[in-house]
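Asker: Read top to bottom, the protein sequences are chains A and B.
Read in the working numbering, the first sequence has 14 at position 14, and its numbers run on one by one without any break.
In the working numbering, each number is its position in the second sequence, counted from 1, plus 1000.
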Amino acid sequence: QSVLTQPPSASGTPGQRVTISCSGSNSNIGSNYVYWYQQLPGTAPKLLIYRNDQRPSGVPDRFSGSKSGTSASLAISGLRSEDEADYHCAAWDDSLSGWVFGGGTKLTVL
Amino acid sequence: QLQLQESGPGLVKASETLSLTCTVSGASISSSNYYWGWIRQPPGKRLEWIGTIFYSGRSYYNPSLKSRVTIFVDTSKNQFSVKVNSVTAADTAVYYCARRRGGSYPGANGFDFWGQGTMVSVFS
Chain A
1 QSVLTQPPSA SGTPGQRVTI SCSGSNSNIG SNYVYWYQQL PGTAPKLLIY
51 RNDQRPSGVP DRFSGSKSGT SASLAISGLR SEDEADYHCA AWDDSLSGWV
101 FGGGTKLTVL
Chain B
1001 QLQLQESGPG LVKASETLSL TCTVSGASIS SSNYYWGWIR QPPGKRLEWI
1051 GTIFYSGRSY YNPSLKSRVT IFVDTSKNQF SVKVNSVTAA DTAVYYCARR
1101 RGGSYPGANG FDFWGQGTMV SVFS
């Protein structure tokens, strides 16, 4: 089954900029949009970035997304303690004809 | 405002059927603008898409689960449900229902609103 690959963990200090990567293949990221979700402890995933680099209303512009080829990245600038959460990437996979998710990256604010 | 609420047994015996319902409030499940889906997250593992349904009943499933899963909609109750047959310990997970805006193809829009999730444990 196709999957997306994320680093299991990331960290930064308040005010820093951190990036989280998401690696896929031609059948998912390479040919479809990427979505990013923030999951605070004990809560449901919340849409953070849609269609590679678009922010839903209410999401601070500290969060930004990008895509290049078969990889995507989520950047968080001006890191805050409340950003400590799990971050998941997702994309439609043409080979699977279904949605695939990354393994999630646990962000720690030191 | 939009709310999605999962409901169903928190414990299911191995080999039996897991059944969950998602009640949608603040929006009509019969809207032609949206699709409705189920996603699960086993403890310590990645999110896994189970399947998606349109109000007309048209549905599509994760191939790895397709033989055991059925998703159906009850527009009169503004609900949609999932059944997973022949469950094993591997089906233990938090199950989420979610909404996805329609588009020219399934990947055009991701799941933009999720329920709070419900934990289902399979015991033997």
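We put the beta carbon where it would ideally sit given N, CA and C, even for glycine.
To the nearest angstrom, report how far apart D94/A and R1099/B are at their CA atoms.
Answerer: Residue numbering aside, residue 94/A sits at position 94 when the first sequence is read from its first letter. Residue numbering aside, residue 1099/B sits at position 99 when the second sequence is read from its first letter. Looking at the two C-alpha atoms, the distance is approximately 20 Å.
Asker: Which one of S1031/B, L1018/B, G1102/B, L1004/B has the shortest CA to CA distance from R1068/B?
Answerer: Here residue 1068/B is taken as the residue at index 68 of the second sequence, counted from 1. Nearest option by C-alpha distance: L1018/B.
Asker: List the residues of chain B whose Cβ lies closer than 7 Å to the Cβ of P14/A, in chain order.
Answerer: Along the first sequence, read from residue 1 onward, the residue named residue 14/A stands at position 14. Result: empty, since nearest Cβ-Cβ is about 28 Å, beyond 7 Å.
Asker: Taking DSSP as the reference, what is the three-state secondary structure of G12/A?
Answerer: Your numbering for residue 12/A matches position 12 in the first sequence. G12/A: strand per DSSP, three-state reduction.
Asker: Is W1049/B close to chain A? Criterion is C-beta to C-beta, closer than 8 Å.
Answerer: The residue given as residue 1049/B occupies position 49 in the second sequence. Yes, its Cβ sits closer than 8 Å to a Cβ of chain A.
Asker: Between the stretch 91–108 of chain A and chain B, which residues of the former have CB atoms less than 9 Å from a CB of the latter, in chain order?
Answerer: Considering only beta carbons, the part of the stretch 91–108 of chain A lying closer than 9 Å to chain B consists of A91, W92, D93, D94, L96, S97, G98, W99, V100, F101, G102, G103, G104, in chain order.
Asker: So which residues of chain A does P1106/B contact, with C-beta pairs closer than 7 Å?
Answerer: The residue labelled residue 1106/B in the question sits at position 106 within the second sequence. Neighbours of P1106/B on chain A, chain order: W92.
Asker: Whose C-alpha, out of W36/A, Q54/A, N52/A, is nearest the C-alpha of K46/A?
Answerer: Within the first sequence, residue 46/A is the residue found at index 46, counting from 1. Among W36/A, Q54/A, N52/A, the Cα nearest to that of K46/A is on W36/A.
Asker: Quick one: is D86/A buried, meaning 16 or more other Cβ sit within 10 Å of its Cβ, or exposed?
Answerer: Start at 1 with the first residue of the first sequence, and residue 86/A comes out as number 86. Under this definition D86/A is a buried residue.
Asker: Taking only beta carbons into account, state which residues of the stretch 38–49 of chain A come closer than 8 Å to chain B, listed in chain order.
Answerer: T43, A44, P45, K46, L47
Asker: Can you name the residues that DSSP bridges to Y1060/B?
Answerer: Numbered from its first residue, the second sequence carries residue 1060/B at position 60. Y1060/B is bridged to T1052/B.
Asker: I need the straight-line Cα distance from G1115/B to G1008/B, nearest angstrom please.
Answerer: Here the question's residue 1115/B lines up with position 115 in the second sequence. Here the question's residue 1008/B lines up with position 8 in the second sequence. G1115/B and G1008/B: Cα-Cα distance of roughly 13 Å.
Asker: Reducing DSSP to helix, strand and coil, say where S1124/B ends up.
Answerer: As a position in the second sequence, residue 1124/B is number 124, starting the count at 1. Looking at S1124/B - three-state DSSP - the assignment turns out to be coil, as it is neither helix nor strand.
Asker: Taking DSSP as the reference, what is the three-state secondary structure of S1081/B?
Answerer: The count along the second sequence starts at 1 and reaches residue 1081/B at position 81. Looking at S1081/B - three-state DSSP - the assignment turns out to be strand.
Asker: Residues of chain A with a CB under 9 Å from the CB of Y1096/B: which are they?
Answerer: For this step, residue 1096/B is matched to residue 96 along the second sequence. Chain A residues near Y1096/B: A44, P45.
Asker: Go to A75/A, then tell me how far its beta strand (DSSP E) extends in each direction, as first and last residue.
Answerer: Working through the first sequence from its first residue, we reach residue 75/A at position 75. 71–76 is the extent of the beta strand (DSSP E) around A75/A.
Asker: What residues from chain B crowd round P60/A, counting only those whose CB sits closer than 7 Å?
Answerer: Along the first sequence, read from residue 1 onward, the residue named residue 60/A stands at position 60. Those within 7 Å of P60/A in chain B number zero; the least Cβ separation is about 17 Å.
Asker: Nearest to S25/A by alpha carbon, out of F101/A, G12/A, V109/A, T108/A?
Answerer: In the first sequence, the residue the question calls residue 25/A occupies position 25. Here the closest residue by C-alpha is F101/A.
Asker: How far does the beta strand (DSSP E) with A90/A in it extend, from its first residue to its last?
Answerer: Residue numbering aside, residue 90/A sits at position 90 when the first sequence is read from its first letter. It spans 85–93 - the beta strand (DSSP E) in which A90/A sits, taken as one unbroken run.
Asker: Along chain B, in chain order, which residues have C-beta atoms closer than 7 Å to that of N32/A?
Answerer: The count along the first sequence starts at 1 and reaches residue 32/A at position 32. Within chain B, the residues near N32/A are G1107.
Asker: Does any residue of chain B bring its CB to less than 8 Å from the CB of P8/A?
Answerer: Here residue 8/A refers to the residue found at position 8 when the first sequence is read from its first residue. Cβ-Cβ to chain B under 8 Å: no for P8/A.
Asker: Would you mind telling me which residues of chain A sit closer than 7 Å to D1091/B, beta carbon to beta carbon, in chain order?
Answerer: Counting from 1 along the second sequence, the entry for residue 1091/B is found at position 91. Going along chain A, no residue has its Cβ under 7 Å from D1091/B, so there is no contact; the nearest lies around 16 Å.
Asker: Between the C-alpha atoms of C89/A and V1094/B, what's the straight-line distance to the nearest angstrom?
Answerer: Looking up residue 89/A in the first sequence gives position 89. Looking up residue 1094/B in the second sequence gives position 94. Answer to the nearest angstrom: the Cα atoms are 18 Å apart.
Asker: For K1013/B and A1090/B, what's the separation of their Cα atoms in angstroms?
Answerer: Start at 1 with the first residue of the second sequence, and residue 1013/B comes out as number 13. Start at 1 with the first residue of the second sequence, and residue 1090/B comes out as number 90. Rounded to whole angstroms, K1013/B to A1090/B spans 12 Å at the Cα level.
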